[in-house]
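Note sheet for the following structure.
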Amino acid sequence: IMENYIYIILLIILVIYIIFILFLYLLSIKINKFELIILENFKEKNNYIPSIYDITKNILNKHDKIFNEILILRKKEFTENNFYSKLIQKINTNKQIHNQLDFIFTVCNKHQKLYKNFKFLYIKDKILEKGLLINNNLKIYKKIVKQFNFMITIKNITIIWLLIPLSKKKPI
Numbered sequence: 314i315m316e317n318y319i320y321i322i323l324l325i326i327l328v329i330y331i332i333f334i335l336f337l338y339l340l341s342i343k344i345n346k347f348e349l350i351i352l353e354n355f356k357e358k359n360n361y362i363p364s365i366y367d368i369t370k371n372i373l374n375k376h377d378k379i380f381n382e383i384l385i386l387r388k389k390e391f392t393e394n395n396f397y398s399k400l401i402q403k404i405n406t407n408k409q410i411h412n413q414l415d416f417i418f419t420v421c422n423k424h425q426k427l428y429k430n431f432k433f434l435y436i437k438d439k440i441l442e443k444g445l446l447i448n449n450n451l452k453i454y455k456k457i458v459k460q461f462n463f464m465i466t467i468k469n470i471t472i473i474w475l476l477i478p479l480s481k482k483k484p485i
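The numbering of the sequence shown is my numbering, which starts it at 314 and goes up by one.
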């Protein structure tokens, strides 16, 4: 009778272990999916920059000087669009581009001609919309990473760490 209890306990432990591993891998897949979604959102947002550049070309004084930094960052972004660049590098570059866009919009706010230009207003709304979507996705991503890292901590405390080759994710 005692042997049966031992087998039942081992079976329960095995089922819990399998569920734990499955949950970890599903979280890992979800994290990778959100990383791709966030990068795609940044890419879509940054694709509006040439339009802003063209619309403001004849209106802003020192136009090239204002857009110089963002053009340099866009070149950097293009070089990082390979699989060898780390996600944190890509996100940081895109955050710098976002900050430069904020600067450009601050400069554009001082020119009333731009607020009569429907193309400018449309593109500005699209950029703001994408920025909001990126912020929401980053919040969800950070929650998932926090949950994943907690599960990895549990894995590292138990003997399971020998069997699962996953490590903590660095939050963005």
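The beta carbon of each residue, even a glycine, is placed where N, CA and C say it ideally should be.
- Here the segment 437-448 lies against the segment 341-358, with 3 or more beta-carbon pairs under 8 Å apart.
- Rounded to the nearest angstrom, the Cβ distance from E382 to T406 is 12 Å, too far for a contact under 8 Å.
- Here L414 is not near C421, since their CB atoms are 8 Å or more apart.
- Under the Cβ criterion (8 Å, minimum of three pairs), the segment 364-373 counts as touching the segment 428-435.
- For N469, the enclosing alpha helix (DSSP H) has its first and last residue at 431-470.
- Residues I344, V458, F461, N462 of the same chain have their beta carbon placed closer than 7 Å to that of K482, with the five preceding and five following residues left out of the count.
- When DSSP states are grouped into helix, strand and coil, K343 belongs to the helix group.
- Burial state of N354 is buried, judged by a 10 Å Cβ sphere holding 16 or more other Cβ atoms.
- DSSP places N407 inside the alpha helix (DSSP H), whose first and last residues are 400-421.
- By the Cβ neighbour-count rule, K403 is buried, with 16 or more other Cβ atoms within 10 Å of its own.
- In this structure, Y454 sits near F347, with a CB-CB distance shorter than 8 Å.
- By the 16-neighbour rule on beta-carbons within 10 angstroms, F380 is buried.
- In chain order, Y361 place their CB closer than 7 Å to the CB of K439, counting only its own chain and leaving out the 5 sequence neighbours on each side.
- Comparing C-alpha distances from H424 to each of Y338, E316, T369, I321 shows the shortest one belongs to T369.
- By a beta-carbon distance limit of 8 Å, K437 contacts F418. Their separation comes to about 7 Å.
- Non-local beta-carbon contacts of I326 in its own chain, meaning distances under 6 Å to residues more than five positions away in sequence, are absent.
- Per DSSP, H376 is one residue of the alpha helix (DSSP H) stretching across 376-393.
- For I372, no alpha helix (DSSP H) run applies, since DSSP gives it neither H nor E.
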